[in-house]
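Beneath this line is the structure, given in structure tokens, with notes to follow.
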Amino acid sequence: MDIGKIVTSSFYYAKDGLIGHWRRWFILIIGTLIFPILYGYTVRVMQGNDMAPEVEGYLSLFVDGLKLFLIQIIYGVPAIILTIATVASALSFDGPVFSSSVAFTPGLATAGLLLALIIYLIAYTLILPMALVSFARSGRIGEAFHFSKILAIIRSIGWIEYILALLILFVIMAGISVAIQILSFIGFIIPFFYIFTMVLSFAISPAVSIFHARYIRGIYLHGKADQKTI
0 MDIGKIVTSS
10 FYYAKDGLIG
20 HWRRWFILII
30 GTLIFPILYG
40 YTVRVMQGND
50 MAPEVEGYLS
60 LFVDGLKLFL
70 IQIIYGVPAI
80 ILTIATVASA
90 LSFDGPVFSS
100 SVAFTPGLAT
110 AGLLLALIIY
120 LIAYTLILPM
130 ALVSFARSGR
140 IGEAFHFSKI
150 LAIIRSIGWI
160 EYILALLILF
170 VIMAGISVAI
180 QILSFIGFII
190 PFFYIFTMVL
200 SFAISPAVSI
210 FHARYIRGIY
220 LHGKADQKTI
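Numbering (numbering that gives the first Met the number 0) for the sequence shown: 0 to 229.
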């Protein structure tokens, strides 16, 4: 898998899809506020087009965006439950409790819950991107939970290459986030600059979303389950 090619093609796909298409860009900026619209648009990006699609069929976009959001919520529920359970267990820990023959440490329960949370978050991070593309390309929510197919796609890519591709995506997204945070910090010192940063954040949000969707689609297509070109 040529990760550099995926990064480059995703960048130019987002750039060419917005630069010069100001109406499309403006609508997607509005879609940042009405988030199902932007979510629905990323579904169309993941479905596969040589060029960025037009923003049309708003009801369909809205519904697809809600479906994508629902999938993310369902995947996130176990993490929320485990987090609450871990915190509750930690707060209730008052030290070892001794019985007549065994010393039982409630802290072990907290450690077990924390370990389960970490394991789940790792699985979540690895599986969710392919789950989202599987949904987008099929149009069926159930495909996002077809774990045997998702794992088969990842295995065909190669776990090391797949994890490396996700790490590179994380670095890129984190870099963008850090840059915005730095500009926001400067904005606290220079009021006008803060307004500029807010506007910039909204302006680049569609580009970042399109890049992300195109990137994970590029990874997905390297799976043997779908032998189409990038």
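Backbone N, C-alpha and C define an ideal beta-carbon position, used for all residues, glycine too.
Any idea if Thr7 is buried or exposed, counting beta-carbon neighbours within 10 angstroms, 16 or more meaning buried?
Position 8 of the sequence shown, counted from the start, is the residue given in the question as residue 7. It is exposed - the Cβ of Thr7 has fewer than 16 other Cβ atoms within 10 Å.
At which residues does the alpha helix (DSSP H) containing Phe146 begin and terminate?
What you label residue 146 is simply residue 147 of the sequence shown in a count that begins at 1. Per DSSP, Phe146 belongs to the alpha helix (DSSP H) from 146-156.
Could you tell me whether the stretch 73-84 touches the stretch 113-128, using the rule of 3 or more Cβ pairs below 8 Å?
As far as the Cβ criterion goes, the stretch 73-84 touches the stretch 113-128, which means the pair count is three or higher.
Throw me the rounded Cβ distance for the Ala135 and Val42 pair, which I believe falls under 8 Å.
Residue mapping note: residue 135 aligns to position 136 of the sequence shown, counting from 1. Residue mapping note: residue 42 aligns to position 43 of the sequence shown, counting from 1. At roughly 5 Å, the Cβ-Cβ gap stays under 8 Å, so Ala135 and Val42 are in contact.
Is the CB-CB distance between Leu60 and Ile36 below 8 Å?
For the purposes of this step, residue 60 is taken as the residue at position 61 of the sequence shown. For the purposes of this step, residue 36 is taken as the residue at position 37 of the sequence shown. Yes.
With distances taken from CA atoms, which of Ile149, Lys4, Ser9, Val177 is nearest Tyr123?
What you label residue 123 is simply residue 124 of the sequence shown in a count that begins at 1. Of Ile149, Lys4, Ser9, Val177, the residue nearest in Cα terms is Ile149.
Can you give me the start and stop residues for the alpha helix (DSSP H) that Ala78 sits inside?
Against the sequence shown, residue 78 aligns to sequence position 79. Note, Ala78: alpha helix (DSSP H), 57-90.
Let me know the secondary structure DSSP gives His221 once reduced to three states.
In the sequence shown, counting from the first residue as 1, residue 221 sits at position 222. Three-state result, His221: coil.
Inter-residue Cα distance where the pair is Ala151 and Ile70
Position 152 of the sequence shown, counted from the start, is the residue given in the question as residue 151. Position 71 of the sequence shown, counted from the start, is the residue given in the question as residue 70. A straight line joining the alpha-carbon of Ala151 with that of Ile70 spans about 20 Å.
Meets three-Cβ-pair contact criterion under 8 Å: the stretch 205-219 and the stretch 27-35
Because the criterion of three Cβ pairs below 8 Å is met, the stretch 205-219 and the stretch 27-35 touch.
Within 10 angstroms of the Cβ of Lys4, are there 16 or more other Cβ atoms? Answer buried if so, exposed if not.
Here residue 4 refers to the residue found at position 5 of the sequence shown. Exposed, by the Cβ-count rule.
Outcome for Tyr231 when other beta-carbon atoms lying within 10 angstroms are tallied against a minimum of 16:
The displayed coordinates of the chain run from 0 to 229. Any statement about residue 231 would go beyond what the structure contains.
Closest by C-alpha distance to Arg216, when choosing among Phe184, Leu168, Ile72, Thr31:
Along the sequence shown, read from residue 1 onward, the residue named residue 216 stands at position 217. Of Phe184, Leu168, Ile72, Thr31, the residue nearest in Cα terms is Leu168.
Nearest to Met50 by CA position, among Ala130, Val62, His20, Ala89, is which residue?
Residue numbering aside, residue 50 sits at position 51 when the sequence shown is read from its first letter. Cα-wise, what sits closest to Met50 is His20.
Tell me, to the nearest whole angstrom, how far the beta carbon of Gly222 is from that of Ser155; I am working on the premise that it is less than 8 Å.
Taking the sequence shown and counting its residues from 1, one reaches residue 222 at position 223. Taking the sequence shown and counting its residues from 1, one reaches residue 155 at position 156. Contact holds; Cβ gap of about 5 Å.
How far does the alpha helix (DSSP H) with Ile26 in it reach, from first residue to last?
If you number the sequence shown from 1, residue 26 lands on position 27. Per DSSP, Ile26 belongs to the alpha helix (DSSP H) from 21-32.
Which stretch, first to last residue, makes up the alpha helix (DSSP H) that contains Gly141?
Indexing the sequence shown from 1 puts residue 141 at position 142. Per DSSP, Gly141 is not a residue of any alpha helix (DSSP H), being assigned neither H nor E.
With distances taken Cα to Cα, identify the nearest neighbour of Thr109 among Met129, Ser88, Ile121.
In the sequence shown, residue 109 corresponds to position 110, counting from 1. Out of Met129, Ser88, Ile121, Ser88 has the C-alpha closest to the C-alpha of Thr109.
What do you reckon, are the CB atoms on Tyr193 and Val132 nearer than 8 Å?
For this step, residue 193 is matched to residue 194 along the sequence shown. For this step, residue 132 is matched to residue 133 along the sequence shown. No, the pair does not count as a contact, with Cβ atoms beyond the cut-off.
Helix, strand or coil for Asp15? Go by DSSP, reduced to three states.
For the purposes of this step, residue 15 is identified with residue 16 of the sequence shown, where counting begins at 1. Three-state DSSP puts Asp15 in a helix.
Could you give the DSSP three-state label for Glu53: helix, strand or coil?
Indexing the sequence shown from 1 puts residue 53 at position 54. Coil, per DSSP.
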